[in-house]
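Student: Position 361 (the sequence shown) corresponds to 361 in our numbering; numbering is contiguous. All C-beta atoms, glycine included, are put in the ideal place defined by N, C-alpha and C. Below is a structure I'd like to ask you about.
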Amino acid sequence: MIHSFDKTAQREGTASLKYDARLATFGRDDVTPMWVADMDFAVAEPIAKALQARALHPIFGYSLAPESLYQSIMDWLLAKHGWQIKREWIVLTPGVVPSLNAVVAALTAENDGVIVQPPVYFPFFSAVRNQNRRLIHNTLLLDDDDVTNLQYRMNLSDLTACASEATMLMLCSPHNPVGRVWQKYELDSVLDIANKHDLIVLADEIHADLVYTNAQHHMLGLLAYDSAKSKAAFEDNCRVITAVSPSKTFNIPGLGLSALIVPNKVHRQAIESHLDKLGVSVTNPFNMLAFETAYREGGDWLNGLIAYLQTTRDEAVAYIQLGMPEISVLPPESTYLLWLDCRKLSLDDAALRHFFIEEAGLGLSPGSLFGSAGEGFMRMNIGMPKAEVMAVLERLKSALQQRR
């Protein structure tokens, strides 16, 4: 099957958040939107065909989650990540962001400390605040001695100190927005700290399948199992909860379905009870069909996507490094997001945002959205045809030259 990622579809006028909210978000409706994290690529053909076929049936009544859906999750995690999970560990949820809120609400108490690692996906902050929990910042460290090879790492000594006053750690793995794929030794250290301090770890691994060839993703739940002193008691003692979804991978986030992998029965029952109290329903006939079809028939499309995005990433990073001395870029190991270090421009965040919108005509996500550690940065979504990305970078380069 041949996939073309050089083509896109008209998205204006389709109630697209990315396109149709530009005026409200940026004050202009003509900026190139490179902010909210969905891609401008058509879904894999098997997904489109499955949804079209289902739409021909004239009844859209209440639905249930078929066992084949659960099996597709189990098969995917085993084939892609070597993790053999049990059917009963799976809790279906209406998206990863609702999952974050549900887990924090179900497994922590008011004023409990919850650790986040900024700069990080901003719903992490709101998931803690929404439940009246206490945010504890374990800020990532940025090694920037070599501006051509910026790299973030965890502050593990500070994480140990934070863990002594916390109940939960929210881990973004791979990390959004900085694009790190955490190495095994880093994740092993996280598990060691969590075990010593009885810390629950909620691992958002929504980008686990969008990893480039220079990195390898390790699922925290599998590492926890491998390191367990007693495999027989693993489920009773497991403190890792994993959020997964094909939504980012296969560009179907608007369909709203994800899954939590919760080996610990007590944790699982608490989460399910909380969702029940909210009357949460996830059994939409279209989201379940798209979810299962993606995992069963989307592998070929995904391989093509990753190869295409990697080429775009490499060319974009090289272009920025060669022609924009004012901006440093972190080549992501995962995701279709570039984390641009704009601190050399010496602009505050309002002025930086104004520059990108008014002078470059670009709608990006301001780094400050991801916490104070993101101030002076911008997040750029390159999930679009490569020619369009390069044209955008030419425009950005020209805008920078006008400032010199």
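#1: Determine, using beta-carbon pairs with one atom in the stretch 370-380 and one in the stretch 338-351, whether at least three such pairs fall under 8 Å.
#2: Quick check on Tyr152: does DSSP put it in helix, strand or coil?
#3: If we ignore side chains and look at the alpha-carbon of each, how far apart do Gln52 and Leu338 end up?
#4: What's the gap between the Cα of Ala269 and the Cα of Ala15?
#5: First and last residue of the alpha helix (DSSP H) that includes Gly323?
#6: Ignore the nearest five residues each way along the sequence and tell me which others in Ser365's own chain have a CB closer than 6 Å to its CB.
#7: Which two residues bound the contiguous alpha helix (DSSP H) that contains Met390?
#8: Please report how far the alpha carbon of Ala109 lies from the alpha carbon of Ser126, in whole angstroms.
#9: Can at least three beta-carbon pairs, one atom from the stretch 71-91 and one from the stretch 129-147, be found at a separation below 8 Å?
#10: Hey, Pro119 and Gly363: beta-carbon distance below 8 Å or not?
#11: How would you write the range of the alpha helix (DSSP H) that Arg129 sits in, first residue to last?
#12: Given a cut-off of 8 Å, decide if Leu150 and Leu278 are closer than it, judged by their beta-carbon atoms.
#13: Which ranges does the alpha helix (DSSP H) cover as unbroken runs of at least 4 residues, wholly within the stretch 333-357, from first to last along the chain?
#14: Name the two residues that bound the continuous alpha helix (DSSP H) containing Met74.
#15: With DSSP collapsed to three states, give me the class of Gly367.
#16: If distances are taken between C-alpha atoms only, which option among Leu260, Phe41, Pro123 comes closest to Leu369?
#17: Beta-carbon separation of Met39 and Val114 under 8 Å?
#18: Taking just the CA atoms, how far does Ala387 sit from Leu260?
#19: With distance defined between alpha-carbon atoms, name the residue in Asn101, Ala316, Ala194 nearest to Ile271.
#20: Any chance the stretch 241-253 sits against the stretch 199-207, with 3 or more Cβ pairs inside 8 Å?
#21: Helix, strand or coil for Phe291, going by three-state DSSP, please let me know.
#22: Candidates Asp209, Ser99, Ala360, Ser398: which alpha carbon is nearest Ala307's?
#23: Using DSSP with H/G/I as helix, E/B as strand and the rest coil, what is Cys172?
#24: Taking C-beta to C-beta, are Phe234 and Pro253 nearer than 8 Å?
#25: Which two residues bound the contiguous alpha helix (DSSP H) that contains Val211?
#26: So, are the CB atoms of Glu333 and Tyr225 less than 8 Å apart?
Tutor: Let me spell this out:
#1: Yes: the two stretches touch, three or more of their Cβ pairs being nearer than 8 Å.
#2: One-based indexing of the sequence shown puts residue 152 at position 152. Tyr152 falls in the strand class under three-state DSSP.
#3: The count along the sequence shown starts at 1 and reaches residue 52 at position 52. The count along the sequence shown starts at 1 and reaches residue 338 at position 338. Their Cα atoms are separated by approximately 34 Å.
#4: Counted from its first residue, the sequence shown places residue 269 at position 269. Counted from its first residue, the sequence shown places residue 15 at position 15. Per the sequence presented here, residue 269 reads as Gln, with Ala not at that position. Taking C-alpha positions only, Gln269 is separated from Ala15 by approximately 37 Å.
#5: Residue numbering aside, residue 323 sits at position 323 when the sequence shown is read from its first letter. Looking at the DSSP string, the run of the alpha helix (DSSP H) that includes Gly323 is 299-323.
#6: Stepping through the sequence shown from its first residue, residue 365 is reached at position 365. Around Ser365: Trp35, Arg379.
#7: Here residue 390 refers to the residue found at position 390 when the sequence shown is read from its first residue. Counting along the chain, the alpha helix (DSSP H) containing Met390 begins and ends at 386-403.
#8: Working through the sequence shown from its first residue, we reach residue 109 at position 109. Working through the sequence shown from its first residue, we reach residue 126 at position 126. Rounded to whole angstroms, Ala109 to Ser126 spans 16 Å at the Cα level.
#9: No, they do not touch.
#10: Reading the sequence shown from its first residue, position 119 is the one you call residue 119. Reading the sequence shown from its first residue, position 363 is the one you call residue 363. Between Pro119 and Gly363, the gap from beta carbon to beta carbon reaches 8 Å or more.
#11: Within the sequence shown, numbered from 1, the residue matching residue 129 stands at position 129. Boundaries of the alpha helix (DSSP H) around Arg129: 123-130.
#12: Within the sequence shown, the letter at position 278 stands for residue 278. Within the sequence shown, the letter at position 150 stands for residue 150. No, Cβ-Cβ distance for Leu278 and Leu150 is not below 8 Å.
#13: Taking only runs of at least 4 residues, the alpha helix (DSSP H) segments lying wholly in the stretch 333-357 are 349-354.
#14: Start at 1 with the first residue of the sequence shown, and residue 74 comes out as number 74. 67-81 is the extent of the alpha helix (DSSP H) around Met74.
#15: Translated into positions along the sequence shown, residue 367 becomes position 367. In this structure, Gly367 counts as helix in the three-state DSSP scheme.
#16: Walking along the sequence shown from the start, residue 369 turns up at place 369. In terms of CA proximity to Leu369, Pro123 leads the group Leu260, Phe41, Pro123.
#17: As a working note, residue 39 is residue 39 in the sequence shown. As a working note, residue 114 is residue 114 in the sequence shown. No, the pair does not count as a contact, with Cβ atoms beyond the cut-off.
#18: The sequence position of residue 260 within the sequence shown is 260, counting from 1. The sequence position of residue 387 within the sequence shown is 387, counting from 1. Across the structure, Leu260 and Ala387 are spaced so that their CA atoms are roughly 37 Å apart.
#19: As a working mapping, residue 271 is identified with position 271 in the sequence shown. Measuring from the Cα of Ile271, the nearest candidate turns out to be Asn101.
#20: Counting Cβ pairs under 8 Å, three or more are found: they touch.
#21: In the sequence shown, counting from the first residue as 1, residue 291 sits at position 291. Here Phe291 carries a helix assignment [DSSP, helix/strand/coil].
#22: Taking the first residue of the sequence shown as position 1, residue 307 is located at position 307. When only C-alpha atoms are compared, the closest one is Asp209.
#23: Position 172 of the sequence shown, counted from the start, is the residue given in the question as residue 172. Residue state, collapsed to three classes: strand.
#24: Position 234 of the sequence shown, counted from the start, is the residue given in the question as residue 234. Position 253 of the sequence shown, counted from the start, is the residue given in the question as residue 253. Cβ distance not < 8 Å, so Phe234 and Pro253 don't count as in contact.
#25: As a position in the sequence shown, residue 211 is number 211, starting the count at 1. Val211: not part of any alpha helix (DSSP H); DSSP gives it neither H nor E.
#26: On the sequence shown, position 333 is the one that residue 333 refers to. On the sequence shown, position 225 is the one that residue 225 refers to. No, the pair does not count as a contact, with Cβ atoms beyond the cut-off.
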